[in-house]
Amino acid sequence: MTSLLDLWRAVDPEARLVSGSVTRLGDLARGVLRTRAAAPHLPPAVDGELLVVDGSLIRGRPLDVLLATLQAAELRPVGLMIAGLAGPPRLEAAESSLPILASGRSAADLTDAMDSYLRDEPGHLLRLGLDLRLAAAEAALANPEPAAPAGLVAARLRRGVAVTADGEL
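Residue numbering for the sequence shown follows my numbering, starting at 1021 and increasing by one per position.
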């Protein structure tokens, strides 16, 4: 099973956590569901899946209203991804610890990418590892300094990377 954090970082590392508990990002996502543009907007059942919500459905409303609607419908997502938000998200944090992420990507694009990742996580990770090895080898050939491939890996992963060479950082 894949954690919400792993799914987020693999599919949309540009998305931002706008509300909820960081510790709950370790919860497992059993699947991905999304809201519909036409009524009824919510899926009939959500229990442990990540729910992708079209940003147009919540525009101008507090996140607490959305969470109250989910609770009234007895839906229990592992987290929410608000899709289609242009620019920096301007959402007021909710009272709940449920992780809520905001993304500029469309709901359909996010749902398809997350479904694909969840269906074949080992394959996605294998391809990422192979791509990183090839890119790092090319960077090392172009520039023999250890920082060259490290910088490339950091840019691809969008995280800092430390490299040791001969026991030195």
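Beta carbons: idealized from backbone N, C-alpha and C, even for Gly.
#1: Mapping the DSSP letters down to three states, classify residue 1116 as helix, strand or coil.
#2: Could you tell me the distance, in whole angstroms, from the CA atom of residue 1130 to the CA atom of residue 1036?
#3: Just reading off the alpha helix (DSSP H) that residue 1128 is part of, what are its end residues?
#4: May I ask you to verify whether the stretch 1142-1155 touches the stretch 1042-1049, counting CB pairs closer than 8 Å and requiring at least 3?
#5: Would you call residue 1074 buried or exposed, if buried means 16 or more other Cβ atoms sit within 10 Å of its Cβ?
#6: Give the straight-line distance between the Cα atoms of residue 1117 and residue 1158, rounded to the nearest whole angstrom.
#7: Output the distance between the C-alpha atoms of residue 1050 and residue 1098, rounded to the nearest integer angstrom.
#8: Tell me, to the nearest whole angstrom, how far the beta carbon of residue 1123 is from that of residue 1106; I am working on the premise that it is less than 8 Å.
#9: Measuring straight from C-alpha to C-alpha, what distance separates residue 1093 and residue 1070?
#10: Provide the residue(s) that pair with residue 1036 in DSSP beta bridges, ordered along the chain.
#11: Would residue 1054 pass as a contact of residue 1127 if the rule is Cβ separation under 7 Å?
#12: Taking 6 Å as the limit between beta carbons, can you name the residues of its chain near residue 1114, skipping five residues before and five after?
#13: Please tell me whether residue 1032 and residue 1125 are closer than 7 Å, where the distance is taken between their beta carbons.
#14: Can you name, in chain order, every residue of its own chain whose Cβ lies under 7 Å from the Cβ of residue 1135, other than the five neighbours on each side?
#15: Please go through the stretch 1072-1115 and give each complete alpha helix (DSSP H) segment of 4 or more residues, from N-terminal end onward.
#16: Cutting at 8 Å between CB atoms, please list the residues of its own chain near residue 1048, excluding the five before and the five after it.
The short version:
#1: coil
#2: 14 Å
#3: 1127-1139
#4: no
#5: buried
#6: 44 Å
#7: 8 Å
#8: With a Cβ gap of about 11 Å, residue 1123 and residue 1106 do not count as contacting.
#9: 16 Å
#10: 1122
#11: yes
#12: 1039, 1083, 1084, 1087
#13: yes
#14: 1052
#15: 1083-1092
#16: 1021, 1022, 1023, 1024, 1068, 1098
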